[in-house]
Amino acid sequence: MTGQPITPPVERIGARTTLQKLLSRFHFGITLFAVALSGLTILLAGVTALRGYADRNMELAAQLGAYGVEPALVFNDPQAVREGLEPLTRIPGIARLRVLNDVGRPVTEWTSPVADPAPTLTRIFFPRPFAVTVQRNGSAIGTIEVWGDSSTLIDYVRLGLLAGLGCLLITAFGTIFLARRFEYELVKPLNEIATVAHDVRLHRRFDKRVQPLGIAELDRLGGDINSLLDELQGWQGHMESERALLAHRASHDTLTALPNRDAFDEQLAQRIEAAAGRGDRFALLFIDADNFKAANDNFGHAAGDTVLVALSARIQDALRKGDFAARIGGDEFIVIVELDEELHPDMLANRIRTSVAEPILLPGGETYRAAVSVGVATFPDNGSDATALLTAADAAMYADKLTNRSRR
Numbered sequence: 035m036t037g038q039p040i041t042p043p044v045e046r047i048g049a050r051t052t053l054q055k056l057l058s059r060f061h062f063g064i065t066l067f068a069v070a071l072s073g074l075t076i077l078l079a080g081v082t083a084l085r086g087y088a089d090r091n092m093e094l095a096a097q098l099g100a101y102g103v104e105p106a107l108v109f110n111d112p113q114a115v116r117e118g119l120e121p122l123t124r125i126p127g128i129a130r131l132r133v134l135n136d137v138g139r140p141v142t143e144w145t146s147p148v149a150d151p152a153p154t155l156t157r158i159f160f161p162r163p164f165a166v167t168v169q170r171n172g173s174a175i176g177t178i179e180v181w182g183d184s185s186t187l188i189d190y191v192r193l194g195l196l197a198g199l200g201c202l203l204i205t206a207f208g209t210i211f212l213a214r215r216f217e218y219e220l221v222k223p224l225n226e227i228a229t230v231a232h233d234v235r236l237h238r239r240f241d242k243r244v245q246p247l248g249i250a251e252l253d254r255l256g257g258d259i260n261s262l263l264d265e266l267q268g269w270q271g272h273m274e275s276e277r278a279l280l281a282h283r284a285s286h287d288t289l290t291a292l293p294n295r296d297a298f299d300e301q302l303a304q305r306i307e308a309a310a311g312r313g314d315r316f317a318l319l320f321i322d323a324d325n326f327k328a329a330n331d332n333f334g335h336a337a338g339d340t341v342l343v344a345l346s347a348r349i350q351d352a353l354r355k356g357d358f359a360a361r362i363g364g365d366e367f368i369v370i371v372e373l374d375e376e377l378h379p380d381m382l383a384n385r386i387r388t389s390v391a392e393p394i395l396l397p398g399g400e401t402y403r404a405a406v407s408v409g410v411a412t413f414p415d416n417g418s419d420a421t422a423l424l425t426a427a428d429a430a431m432y433a434d435k436l437t438n439r440s441r442r
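Sequential numbering from 35 applies to the sequence shown in the working numbering.
What follows is the structure, given as structure tokens:
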């Protein structure tokens, strides 16, 4: 029996990978995953922050609109309502405005003539309108609804996506050269990037930056992430500035720059709480211009605005530092002053009357002499809460107005 020679198995060349290639693929996968996660978390954090600021800005815009249309809703004047909405129509990012009366019927409506550049983004950030109830003396007199669009957000989101994609592309090329480094040399700088991304996502620390890592490719990546963080921090500062501006507009009268009714209500509540805790006293002065309608009728609304600005300035000039003045209505002002041995509220009321009585130069060259009625209420003598104090001051003001009429 003749035996055939046994042929040894042929070795399959190329079936096994080298350690260098394995480490290269492993490091490449780990690095790409870590950086993708970092980029995603930073992007999500930025989008989340932008949405929060966008929501707040829409809310503040609605509050500003509510203050602007309040007098017009009181008199059911659609034209004045549209004029009150005019400042909001110039704010970027507002797509539609609607004002409803106290029974839910539309009074006026405005739609932006500019088309929404990204309706999908609008549905994500502004799924429903922001609605604010317009109140007058504690009673609801209407509602203002504000719809937002993506016009102020689309550039931010697009730039964020491009920056994130750029980071990923740079990482893909950088990891080819980093594969030959030890695992420790790769993990440590990546942990630094992940830590920054973690702080940004959890704590909104847009001031965090990736420090120099000693590896050229990852330093470039850190620079790109820092650039993205610089942009996010700039967006954050821009949004905060807009929010502060809208908050100021929502709490101040646009004509006289005095605090408005909402700011007064908040200030009065704080003064009552502080005075009740310390046992102090303060006075509330309710000031109303006498026959102000005649100024508008005889000289025009521009002259009426000039008179209101002059009244607010002269009322402020008559006060001390720390006293509070607000315009709460068309020709109605409120003053809160702390009482001491040197100040009596009647003396201050007379000082305001004297200051207001000085001639006011109108835009047409005419002069106008204003007069005011002043009602005084003191805490806690005339009331220990806001309603009681306002009621007492209002009653005293009307009594003073009747006295002024009888003198004439």
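Yeah, the Cβ is synthetic: ideal placement off N, Cα and C, and Gly gets one too.
| Asked | Found |
| --- | --- |
| Please check the pair residue 266 and residue 340, which I expect to be a contact at CB under 8 Å, by giving their CB distance rounded to whole angstroms. | Actually they do not touch by this definition, with Cβ atoms about 45 Å apart. |
| Do you know how far the Cα of residue 290 is from the Cα of residue 87? | 28 Å |
| To the nearest angstrom, report how far apart residue 313 and residue 366 are at their CA atoms. | 29 Å |
| What residues are listed by DSSP as bridge partners for residue 135? | 176 |
| Using alpha carbons as the reference points, say which of 177, 158, 173, 261 lies closest to residue 167. | 177 |
| Smallest Cα separation from residue 385: which of 354, 111, 268? | 354 |
| Taking 8 Å as the threshold (beta carbon to beta carbon), is residue 384 in contact with chain D? | The question asks about chain D, but that chain is absent: this structure has only one protein chain. |
| Among the residues of its own chain, which have a CB less than 6 Å from the CB of residue 252, if the five just before and after it don't count? | 223 |
| Check residue 346 in the structure and name its three-state DSSP category. | helix |
| Do you know offhand how far residue 118's Cα is from residue 104's? | 8 Å |
| Check whether the segment 292-300 touches the segment 106-117, taking contact to mean three or more Cβ pairs, one atom from each stretch, closer than 8 Å. | no |
| Does DSSP put residue 160 in a helix, a strand or coil? | coil |
| Can you grab the Cα-Cα spacing for the pair residue 276 / residue 374, in whole Å? | 40 Å |
| Between residue 134 and residue 284, is the Cβ-Cβ spacing less than 8 Å? | no |
| Per DSSP, what kind of secondary structure is residue 437 in: helix, strand or coil? | helix |
| Sorted by chain position, which residues of the same chain lie with C-beta nearer than 7 Å to residue 95's C-beta, five sequence neighbours on each side aside? | 122, 125, 128, 180, 280 |
| Where in the segment 343-406 do unbroken runs of the alpha helix (DSSP H), each at least 4 residues long, occur, reported from the N-terminal end onward? | 379-390 |
| Could you name the residues of the same chain whose beta carbon sits closer than 6 Å to that of residue 427, not counting the 5 residues immediately before and after it, in chain order? | 318, 320, 409, 411 |
| Taking the alpha-carbon positions, what's the residue 227 to residue 162 distance? | 37 Å |
| Where residue 316 and residue 407 are concerned, what is the direct C-alpha to C-alpha distance, given to the nearest angstrom? | 20 Å |
| Cα separation between residue 438 and residue 425? | 20 Å |
| State yes or no: is the C-beta of residue 413 within less than 8 Å of the C-beta of residue 308? | no |
| For residue 335, count the other beta carbons within 10 Å of its own beta carbon; 16 or more makes it buried, fewer makes it exposed. Which is it? | exposed |
| In its own chain, which residues sit with a C-beta less than 8 Å from the C-beta of residue 350, not counting the 5 before and 5 after it? | 292, 359 |
| Expressed to the nearest angstrom, what Euclidean distance is found between the alpha-carbon atoms of residue 357 and residue 258? | 51 Å |
| Which residues share a DSSP beta bridge with residue 167? | 177 |
| Suppose the cutoff is 8 Å on Cβ atoms and the five residues either side in sequence are ignored; what does the same chain contact list for residue 138 look like? | 177 |
| In whole angstroms, what separates the C-alpha of residue 393 from that of residue 402? | 5 Å |
| Which whole-angstrom value is the C-beta distance of residue 234 and residue 421, which I expect to be below 8 Å? | 47 Å between Cβ atoms; not a contact. |
| Return the Cβ separation of residue 197 and residue 262 in integer angstroms, given the expectation that the two are a contact with Cβ distance under 8 Å. | 5 Å |
| To the nearest angstrom, report how far apart residue 270 and residue 418 are at their CA atoms. | 43 Å |
| Applying the 10 Å Cβ sphere with the 16-neighbour rule, what's the burial state of residue 60? | exposed |
| If you reduce the DSSP assignment to three classes, tell me which class residue 411 lands in. | strand |
| Taking the Cβ atom as the reference point for each residue, do residue 244 and residue 225 lie within a distance shorter than 8 Å? | no |
| So the alpha helix (DSSP H) residue 331 belongs to, where does it begin and stop? | 326-333 |
| Run through DSSP, which three-state label would residue 320 get? | strand |
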